[in-house]
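In UniProt numbering, the protein residues as written are 1 to 231.
Given below as structure tokens:
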């Protein structure tokens with residue numbers, strides 16, 4: 001995962017540099033994104049972002065549950081109404097999940113292992129951004145998430161047959177520092193919907209762990225770097 005994150009961040013840097021060098025006329029301005037209209041805010045534009053996820057669901061107890069570490073990556077677009085207020089829309093590929101104890105029984109021996117469950121989402125946050133200073137902003141807003149894949153270790157888990165809810169909704173709050181064209185930020189991502197459909201029973205393949213009517217929700221702390229193609 002560390003190598004993947006490194007490649008993603010290197011890709012973000014190289015794509016920004018290549019874009020700036022390749023475009024005739026130099027650096028983009030806000031008019032390039034607003035049909036020729038001007039804006040007083042320096043936030044208007046778009047960019048790419050990626051970072052680290054610290055994921056630990058909340059709700060009903062997960063057997064010996066512990067934090068799950070992975071990454072997110074995506075793009076954002078932002079329009080500033082003035083020097084203080086703006087709206088930012090993002091499209092993210094986000095890997096959430098958790099670790100838990102799995103009991104496996106082969107007919108003779110019962111073994112217990114700590115198994116990672118990975119949940120892959122495409123997410124659409126819509127955020128209000130307030131610039132508290134020239135270099136620091138806070139953001140808050142809703143998010144809609146679509147679950148596209150679930151894995152337990154190296155095994156794919158069917159979404160419908162295992163009772164996963166494929167749509168989630170939640171809220172985000174966070175802050176970011178601006179350093180030139182880059183932003184360094186952190187946020188708290190809280191899911192309001194349940195990971196599992198409470199009308200179904202979920203059992204890990206080849207294990208004795210069964211969740212019946214589980215009320216478990218996503219909860220993630222993110223740290224990220226964003227690079228603006230126009231700032």
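Built from N, CA and C at the ideal position, the CB exists for glycine as well.
Environment of residue i [buried if 16+ CB atoms lie within 10 Å]
| i | result |
| --- | --- |
| residue 195 | buried |
| residue 168 | buried |
| residue 22 | Residue confidence is low: residue 22 scores 43 on pLDDT, short of 50, so the model does not pin down where it sits. No coordinate-derived value is stated. |
| residue 161 | exposed |
| residue 150 | buried |
| residue 121 | buried |
| residue 126 | exposed |
| residue 49 | buried |
| residue 131 | buried |
| residue 142 | exposed |
| residue 83 | exposed |
| residue 117 | buried |
| residue 152 | buried |
| residue 223 | exposed |
| residue 225 | buried |
| residue 156 | exposed |
| residue 154 | exposed |
Under the three-state DSSP convention, the category residue i falls into
| i | result |
| --- | --- |
| residue 154 | coil |
| residue 81 | coil |
| residue 215 | coil |
| residue 168 | strand |
| residue 192 | coil |
| residue 131 | strand |
| residue 160 | coil |
| residue 67 | coil |
| residue 140 | strand |
| residue 99 | strand |
| residue 43 | coil |
| residue 197 | coil |
| residue 60 | coil |
| residue 180 | coil |
| residue 229 | coil |
8 Å contact criterion, which residue i and residue j should meet: CB distance rounded
| i | j | result |
| --- | --- | --- |
| residue 80 | residue 133 | Their Cβ separation, rounded to whole angstroms, is 15 Å, which puts residue 80 and residue 133 out of contact at 8 Å. |
Touching or not, the segment 93-102 and the segment 128-143, by the rule of three or more beta carbon pairs under 8 Å? no
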